[in-house]
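Going left to right, the sequence shown walks through residues 9 to 697 as this note's numbering numbers them. No residue lacks a Cβ here, since even glycine has one placed at the ideal position from N, Cα and C.
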Amino acid sequence: MSRLKLGIPLFLIPLILCQAHTCFGQTSPPNPKKFRYERTVIPGAPGSNRLRIDAVLMAGGNSSWQFLRQTTGSEREPMIIATGGLKDLRLYDSSNREVPYLLISPPTPEPQWINGELSPVADTKRTSGFQIDLGRPLLMDQLRLSGLPAPFVKRCTLEASNDASRWIRLRDDATVFDLPAEKLRLLEIELPETEFRFIKATWDDSASPRLPLPQEVSVRLVSAGALPPRLEVPLQIHRRASEPGVSRYRIRLPAPRPPVTQIRLSTTGGNVLRQARITEGRLSGEEIVPALLGTALLRREVRGDAAAAQMSVPVTPPQEAQLDLVIEDGDNPPLDITEATAVFAYLPWIYFESADGGTLTARYGYGGLNEPRYDLEAARASAEKAQTAEARWESERSAAIEAESPVDSGLPEAGSAIDVGSFRYARNIISHKPGLSSLPLDAAVLAHSRIADLRIAGPDGRQIPYLMEKADEPLSLDLPPLEKTESPRAALDNKSVTASRSFYRLRLPFQNLPPARLVFSTSGRVFRRNLRVLIEKNPYNERQEPWTTSIAAATWAHADPETPAQALMLRIPTLKTTEVLVIIEEGDNSPLPVTSVKLLLPAQRLRFFRGSEPDLKLYYGRNDLAGPRYDLAMLAPRLVGAAAEEIRLGPEVELSAVAARQISPKIFWGILIAAVLVLLVLIVRLVKK
């Protein structure tokens, strides 16, 4: 009966439904309460519109970008195009009806360059320059010079006009340079998209020799199929603790998994020639370790008031929202990075059609939402060539969303229970905010645990799964000042030269710390000293004398009175003591002032998902436990790219002392009475014998 009414065999219905889902996307519309963000879109006009992807949308959207590398003949570098991102973006009209859209990838055209008729401009005492006539107004976005004699570094001002009498300023701070010996060259000047006939360049000759006219000046045309400008976003950057000779910075990206291909750095001061690298945490086995994203030799040469610079680090697209920048300073003072900018790959633009030009609402930030598929896809070829109006974004606002529990997200919320009383130490985890957390391990944990015995648990003793994360930067601790002391009873070389030595005691925070580094700093400017670090051994019996063992030694020298001395770094092994002896060979000089001492330990963090548990604690101090194995490791790729909140530990508590203080009076008296009875029985037996 069913077959006769429908006219379709029943066994074909599932296939038809599957095809319908493939053609038209998801069978049910997305839940509006699941979107995290909303923004208003203002169409440029009724009809076809073009909307550019900006940094705010990149930060909130659920991106999963893929990358295509294209090479164009005239470009210096291959262009990288990002595709397949923003799967959760949806557009709605005033009636809350979904508006179809397309992501249109930028084309890969050959750039078209037009030469202009070149003529000089009148020189002054401080300026010279040239002017080009393009013959007619042209829409351009770049100017290129050729045929200038190297080496040079020049600053210039660019102006534009259509009648050669009224000029509009385009660039005030343009700098070009060609330094073959330093391998620095930049002869192209970026321009705002502008349409003019005449371009005038005025050189600043106040601090550099004059240049002759270039052999050729050309401009790059902007056509309907030209590349869009690349998205550039300023980043948060701050200095991190580091060892001598290395500068470390933490860089925050606007979101995880951004299609960033380059990090551009800015610095003040003079010349720069230093190696830099950028890393991020990547999964290796069941732990997160630093992974290299890119390296570059940073170059900057200052000539007069102009500077030639190559301060960019190309990177493979990162997964994390947090990057680590490491700069090898060598014998130079630390490099002060003032700004960092993310340069994105070439991004697609959003094509949509507006019936009446009315405002639209864009919603995004919906985890797990599939990419939409609209009938508008059939018009992609014409949409790529269509004349479009420029739509624009308005401010972003957060939407009220339904909280996603760990169970809903597929993350394991808790593991098996443990006997928390069997651990020696416990620490409160100070955070009450649910979500992905990153917990740095401090010196107490490193000294009192074997790392394998670390467990996170709630009040019920159930474990919270975690991933171990090894950081590239060290954990830096300020140690107490050196304490002046007498020479040890046993001289290291049995020579009576204590008058030419300075003896100090240095106190460490804990014994049994992992292998570490000691960093000594001084205010001295011209000196040369031999420095040794020793530990004192106590005798095993009365007939044996105490002795000392050297664990580190180095020569510390500095000969420039105009610059501060580099700190001295010494590696020390694991020590079963909290006190070491520092000996400085002073010779016939006054004692070298040691202003500070730091201890650099290996930095590690625990990354875990915190649910609704009110109180979590970190337990450690057991020698019989192997490393944990959690199902969380299977979901580690989802945790590596997610933004994590950095939290901290409370004071260390020794559980054995707590247990002793918590014995109830009844138990105490019961134990005491039992002990007395046992003693009475023993006494009676002895009397009988």
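Can you list, in chain order, the residues of its chain whose CB lies under 7 Å from that of Arg-693, leaving out five sequence neighbours each side? Contacts found: none.
Given Val-516, which residues of its chain have a CB within under 6 Å of its CB, disregarding the five upstream and five downstream residues? Per the sequence shown, residue 516 should be read as Leu rather than Val. Excluding the 5 residues flanking it on each side, Leu-516 has same chain C-beta neighbours closer than 6 Å at Thr-586, in chain order.
Over the uninterrupted beta strand (DSSP E) stretch that includes Ser-484, give me the two end residues. Per DSSP, the unbroken beta strand (DSSP E) holding Ser-484 starts and ends at 474–486.
Option nearest Pro-610 by Cα separation, candidates Glu-491, Pro-599, Ser-484: Of the listed residues, the one whose Cα sits closest to Pro-610 is Ser-484.
If you follow the beta strand (DSSP E) that Arg-388 is in, where does it begin and where does it stop? Residue range 388–393 is occupied by the alpha helix (DSSP H) that includes Arg-388, with no beta strand (DSSP E) assigned at that position.
Span of the beta strand (DSSP E) around Leu-331: Note, Leu-331: beta strand (DSSP E), 330–336.
Would you say Ser-274 and Glu-347 are within 8 Å of each other, going by their C-beta atoms? Closer than 8 Å, so yes.
Run through DSSP, which three-state label would Gly-678 get? Three-state result, Gly-678: helix.
So, helix, strand or coil for Lys-492, using DSSP? Looking at Lys-492 - three-state DSSP - the assignment turns out to be strand.
C-beta contact flag for Arg-701 and Ser-439 at 8 Å: The displayed coordinates of the chain run from 9 to 697. Any statement about residue 701 would go beyond what the structure contains.
Considering only the beta carbon of each residue, do Val-49 and Met-148 sit closer than 8 Å? No, the pair does not count as a contact, with Cβ atoms beyond the cut-off.
Which value, in whole angstroms, describes the spacing of the CA atoms of Gly-68 and Tyr-257? CA-to-CA, the gap between Gly-68 and Tyr-257 works out to about 24 Å.
Only counting the same chain, and skipping five residues up and downstream in sequence, which positions put a Cβ closer than 7 Å to that of Thr-202? The residues are Met-148, Ala-168, Leu-178.
Can you give the beta carbon distance from Asp-480 to Thr-349, rounded, assuming they're within the 8 Å contact cut? The beta-carbon distance between Asp-480 and Thr-349, rounded to whole angstroms, is 22 Å. This is too long to meet the 8 Å contact definition.
Could you tell me the alpha carbon to alpha carbon distance between Ile-88 and Asp-337, rounded to whole angstroms? One C-alpha to the other measures close to 31 Å.
If you compare alpha carbons, which of Pro-298, Lys-625, Arg-163, Ser-255 is closest to Pro-217? For Pro-217, the nearest C-alpha among the options comes from Arg-163.
Cβ of Pro-326 within 8 Å of Cβ of Leu-301? With contacts defined by Cβ atoms closer than 8 Å, Pro-326 and Leu-301 form a contacting pair.
Ile-207 - DSSP class collapsed to helix/strand/coil: Three-state result, Ile-207: strand.
Which residue from Leu-199, Asp-181, Ile-207, Arg-144 puts its Cα closest to that of Arg-174? Ranking the options by Cα distance to Arg-174, first place goes to Ile-207.
Considering only their Cβ atoms, is the gap separating Gly-629 from Asp-461 smaller than 8 Å? The answer is yes: Cβ separation under 8 Å.
Would you call Pro-572 buried or exposed, if buried means 16 or more other Cβ atoms sit within 10 Å of its Cβ? Pro-572 comes out exposed.
Backbone secondary structure at Ile-271 - three-state DSSP: Of the three classes helix, strand and coil, the one that applies to Ile-271 here is strand, per DSSP.
Identify whether Ser-362 lies in helix, strand or coil by the three-state DSSP scheme. Strand.
Taking the alpha-carbon positions, what's the Ala-411 to Met-66 distance? Low confidence applies to Ala-411: its pLDDT is 42, below 50, so where it sits in the model is not reliable, and the reading given next is rough at best. Linking Ala-411 to Met-66 through their CA atoms gives a straight-line distance of about 22 Å.
Simplified DSSP state of Gly-429, which is helix, strand or coil: Secondary structure of Gly-429 (DSSP, three-state): helix.
How big is the Cα-Cα spacing for Val-541 and Tyr-512? Straight-line Cα distance between these residues: approximately 10 Å.
Given this structure, state the Cα-to-Cα distance separating Val-280 from Glu-328, to the nearest angstrom. Counting only the Cα atoms, Glu-328 lies some 29 Å from Val-280.
Quick check: what's the CA-CA separation for Arg-579 versus Asp-344? Between the C-alpha atoms of Arg-579 and Asp-344 there is a straight-line separation of about 27 Å.
Is the beta carbon of Thr-183 within less than 7 Å of some heavy atom of the ligand ADP? As far as ligands go, the structure on display features none, and thus does not contain the ligand ADP.
Best match in Trp-73, Tyr-638, Arg-152, Thr-183 for proximity to Gly-312 [C-alpha to C-alpha]: That would be Thr-183, whose Cα lies nearest to the Cα of Gly-312.
So, do the region 352–362 and the region 104–120 have three or more beta carbon pairs nearer to each other than 8 Å? At 8 Å Cβ cutoff, the stretches touch.
Tell me whether Leu-449 is buried or exposed, calling it buried when 16 or more other Cβ atoms sit within 10 Å of its Cβ. Counting Cβ neighbours within 10 Å, Leu-449 comes out buried, since at least 16 surround it.
Quick one: grab the DSSP three-state call for Met-319. DSSP places Met-319 outside both helix and strand once states are collapsed to three, so it counts as coil.
Could you compute how far the alpha carbon of Thr-324 sits from the alpha carbon of Val-534? Taking C-alpha positions only, Thr-324 is separated from Val-534 by approximately 44 Å.
Measuring only the C-alpha atoms, how far is Ala-246 from Leu-333? The amino acid occupying residue 246 in the given sequence is His; Ala does not appear at that position. Their Cα atoms are separated by approximately 10 Å.
With 8 Å as the threshold, decide whether the Cβ of Thr-324 is near any Cβ in chain B. In summary, chain B is missing from the structure at hand, where a single protein chain is found.
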